[in-house]
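Undergrad:
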Amino acid sequence: MVFWTVTALIAFSAALLLAMIIIRAREQGEPAAAYDLRVYRQQLREVGKDLARGVINEGDAERIRTEISRRILAADAQLQKRKGGHVQPRALSLGFAIATALLVTGGTLGLYWQLGAPGYGDLGLETRIQLAGERAENRPSQAEAEAEVAALPKPQVEEGYVKLVEQLRKTAGQRENDAQGQALLAQHEANLGNFKPAYEAKANYIRLAEGQVNARDFTELAELKIMAAGGHVSPEAQTDLQKARAIDPAHGPARYYWGLMLGQIGRPDLAYREWAATLRDGPADAPWIKGIQGQIEEMAFRAGVEYQPIPPGGGTAPALPGPSTEEMSSASELSPEEQQEMIRGMVTRLSDRLATEGGSAEEWARLIGALSVLGETDRARTVYDEARGAFAADAEALALLDTIAAQAGIAE
Numbered sequence: 003m004v005f006w007t008v009t010a011l012i013a014f015s016a017a018l019l020l021a022m023i024i025i026r027a028r029e030q031g032e033p034a035a036a037y038d039l040r041v042y043r044q045q046l047r048e049v050g051k052d053l054a055r056g057v058i059n060e061g062d063a064e065r066i067r068t069e070i071s072r073r074i075l076a077a078d079a080q081l082q083k084r085k086g087g088h089v090q091p092r093a094l095s096l097g098f099a100i101a102t103a104l105l106v107t108g109g110t111l112g113l114y115w116q117l118g119a120p121g122y123g124d125l126g127l128e129t130r131i132q133l134a135g136e137r138a139e140n141r142p143s144q145a146e147a148e149a150e151v152a153a154l155p156k157p158q159v160e161e162g163y164v165k166l167v168e169q170l171r172k173t174a175g176q177r178e179n180d181a182q183g184q185a186l187l188a189q190h191e192a193n194l195g196n197f198k199p200a201y202e203a204k205a206n207y208i209r210l211a212e213g214q215v216n217a218r219d220f221t222e223l224a225e226l227k228i229m230a231a232g233g234h235v236s237p238e239a240q241t242d243l244q245k246a247r248a249i250d251p252a253h254g255p256a257r258y259y260w261g262l263m264l265g266q267i268g269r270p271d272l273a274y275r276e277w278a279a280t281l282r283d284g285p286a287d288a289p290w291i292k293g294i295q296g297q298i299e300e301m302a303f304r305a306g307v308e309y310q311p312i313p314p315g316g317g318t319a320p321a322l323p324g325p326s327t328e329e330m331s332s333a334s335e336l337s338p339e340e341q342q343e344m345i346r347g348m349v350t351r352l353s354d355r356l357a358t359e360g361g362s363a364e365e366w367a368r369l370i371g372a373l374s375v376l377g378e379t380d381r382a383r384t385v386y387d388e389a390r391g392a393f394a395a396d397a398e399a400l401a402l403l404d405t406i407a408a409q410a411g412i413a414e
């Protein structure tokens, strides 16, 4: 209430002052007839001077005086008529000023009510980052988000296909330890729009595969959860994305959904950077590239960035270091223990390089996220503290590190 009172008084005072200035200028403005009178009288004096110098004769002077006198009488009559009909009392002027001030004040407050944010104070960068971290921690869980989603329309499929899926569902239920059966069930449940059963089957497949999974599997699990939640990236889906990014930092679909999550928790600046880098890496015909292109301009607007179209696959920004294609293809052939060791080896190499050669804030953030996924919370916290010291003078880098730390649950 105090805010509205102070705002209304300020707006009313400014509008009233402006109205009074306009009225005073109108009241003090000189009529055109008064100006004409001064000109005509000056012309009469000039006629006498011209006659004395011999420029004109007496007859011409008399005719000119007569014409000027006629004009003087007409201007004077017009001036007297204006003065006689000028009945604008000061009270009327004051009433006009108050009415104008009320109109301007009411219109201003009305516009602010529609377009502004009453009661929402100005927020500095540090406060906004803190709020984004709180929003990430307090956002709806997967179950809560699903409970709020209205029933989605089911795709039109043939009746025979539905019966086949029902049979597959029954068979997979009887053979709960069949990883491939769970993978097929996840795919076909998703085709029918049954996203919750689909991600449950996908989770069973990952569990039964005993480590023989890749970034694509975790991203698909996250995607099914996001679709079941109506587009909301829940903490559970975020965890799956973190696992995918730890295995393959360059995995396009995971990067797309990661940017989507950052935008939802109030960090469009980080989301724009993630999507911009993903666009540059391409490839241009990838489905996740199309998804980014349809939303990145709005994300740039939210981030306060003047958007310039980014050619997909342009490669104008260097890709962050990650496992090579050969390493990723060979990872699927390793045992679960060997695959886990491979991931730890990549994390160790990145950690050693950052400790000896340094690196970008994105690389430090990636290391923090990877360590948290591996369950090495204490080590992730140590790296986070070290990174904050290295980028103490870079507010943008600190914002990135703080956000990753909040998501990893290691922020103070």
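So the sequence shown is numbered by our numbering: it starts at 3 and just counts up by one. Ideal Cβ placement from N, Cα and C applies to all residues, glycine included.
Go ahead and pull the three-state DSSP assignment for L403.
TA: On the sequence shown, position 401 is the one that residue 403 refers to. The answer is helix: DSSP assigns L403 an H, G or I state.
Undergrad: To which residues of the same chain is A401 closer than 6 Å at the C-beta, ignoring the five residues directly before and after it?
TA: Numbered from 1 along the sequence shown, position 399 holds the residue referred to as residue 401. Closer than 6 Å at Cβ, skipping near neighbours: I131.
Undergrad: Report all residues from its chain with a CB closer than 6 Å to the CB of A102; omit the five preceding and five following residues, and keep chain order.
TA: By one-based count along the sequence shown, residue 102 stands at place 100. Checking the displayed sequence, the identity of residue 102 turns out to be Thr instead of Ala. The answer, listed in chain order, is A21.
Undergrad: If you reduce the DSSP assignment to three classes, tell me which class F303 lands in.
TA: Walking along the sequence shown from the start, residue 303 turns up at place 301. Helix at F303.
Undergrad: On the DSSP letters alone, give me the boundaries of the alpha helix (DSSP H) that Y207 sits inside.
TA: Position 205 of the sequence shown holds residue 207. Where Y207 is concerned, the enclosing alpha helix (DSSP H) stretches over F197 to L210.
Undergrad: So D219 is in the alpha helix (DSSP H); what residue range does that whole segment cover?
TA: Position 217 of the sequence shown, counting from 1, holds the residue named residue 219. That run of the alpha helix (DSSP H) goes A217 to A230.
Undergrad: Which of helix, strand or coil does DSSP assign to K156?
TA: In the sequence shown, counting from the first residue as 1, residue 156 sits at position 154. DSSP places K156 in coil when its eight states are reduced to three.
Undergrad: Over the uninterrupted alpha helix (DSSP H) stretch that includes R282, give me the two end residues.
TA: Along the sequence shown, read from residue 1 onward, the residue named residue 282 stands at position 280. Start and end: P270 to D283.
Undergrad: Pick helix, strand or coil for G360, following the three-state DSSP scheme.
TA: Counted from its first residue, the sequence shown places residue 360 at position 358. Note: G360 maps to coil in three-state DSSP.
Undergrad: Measure the C-alpha to C-alpha separation of G420 and N216 and round it to an integer number of angstroms.
TA: Residue 420 cannot be examined here, being either before or after the span of the chain that is shown, 3 to 414.
Undergrad: Output the distance between the C-alpha atoms of K156 and E150, rounded to the nearest integer angstrom.
TA: Translated into positions along the sequence shown, residue 156 becomes position 154. Translated into positions along the sequence shown, residue 150 becomes position 148. Cα to Cα, K156 sits roughly 18 Å from E150.
Undergrad: Going by the beta-carbon positions, is the gap between I267 and L281 smaller than 7 Å?
TA: On the sequence shown, residue 267 is found 265 positions in, with the first residue counted as 1. On the sequence shown, residue 281 is found 279 positions in, with the first residue counted as 1. Cβ atoms of I267 and L281: not closer than 7 Å.
Undergrad: What do you get for N196, buried or exposed, if any count of 16 or more other CB atoms within 10 angstroms of its CB means buried?
TA: Taking the sequence shown and counting its residues from 1, one reaches residue 196 at position 194. Burial call: buried.
Undergrad: For V41, tell me which candidate among A231, K51, D52 and A77 has the shortest Cα-Cα distance.
TA: On the sequence shown, residue 41 is found 39 positions in, with the first residue counted as 1. The candidate whose alpha carbon is nearest that of V41 is A77.
Undergrad: Between the alpha carbons of Y258 and L356, how many angstroms are there, rounded?
TA: On the sequence shown, position 256 is the one that residue 258 refers to. On the sequence shown, position 354 is the one that residue 356 refers to. Going by the C-alpha atoms only, they are around 26 Å apart.
Undergrad: In whole angstroms, give me the CA-to-CA distance for Q44 and Y37.
TA: As a position in the sequence shown, residue 44 is number 42, starting the count at 1. As a position in the sequence shown, residue 37 is number 35, starting the count at 1. In a straight line, the C-alpha of Q44 is about 11 Å away from that of Y37.
Undergrad: What is the residue span of the alpha helix (DSSP H) that D380 lies within?
TA: Position 378 of the sequence shown, counted from the first residue, corresponds to residue 380. That run of the alpha helix (DSSP H) goes T379 to A392.
Undergrad: Buried or exposed: L262, going by 16 or more other Cβ atoms within 10 Å of its Cβ?
TA: The residue given as residue 262 occupies position 260 in the sequence shown. With 16 or more Cβ atoms within 10 Å of its Cβ, L262 is classed as buried.
Undergrad: Which term fits A397, buried or exposed, when burial requires 16 or more other beta carbons within 10 angstroms of its beta carbon?
TA: Reading the sequence shown from its first residue, position 395 is the one you call residue 397. Exposed: under 16 other Cβ atoms inside 10 Å.
Undergrad: To the nearest angstrom, report how far apart D242 and G296 are at their CA atoms.
TA: Mapped onto the sequence shown, residue 242 falls at position 240. Mapped onto the sequence shown, residue 296 falls at position 294. C-alpha separation (whole angstroms): 24 Å.
Undergrad: Buried or exposed, going by whether 16 or more other CB atoms sit within 10 Å of the CB of V375?
TA: Residue numbering aside, residue 375 sits at position 373 when the sequence shown is read from its first letter. Looking at its Cβ environment, which holds 16 or more other Cβ atoms inside 10 Å, V375 is buried.
Undergrad: At a cut of 8 Å, does the stretch 272-289 reach the stretch 303-316 through at least three beta carbon pairs?
TA: yes
Undergrad: Tell me the residue span of the alpha helix (DSSP H) that contains V235.
TA: On the sequence shown, residue 235 is found 233 positions in, with the first residue counted as 1. Counting along the chain, V235 falls outside any alpha helix (DSSP H), and DSSP gives it neither H nor E.
Undergrad: Give the range of the alpha helix (DSSP H) segment to which R171 is assigned.
TA: The count along the sequence shown starts at 1 and reaches residue 171 at position 169. E161 to Q176 is the span of the alpha helix (DSSP H), which, as asked, contains R171.
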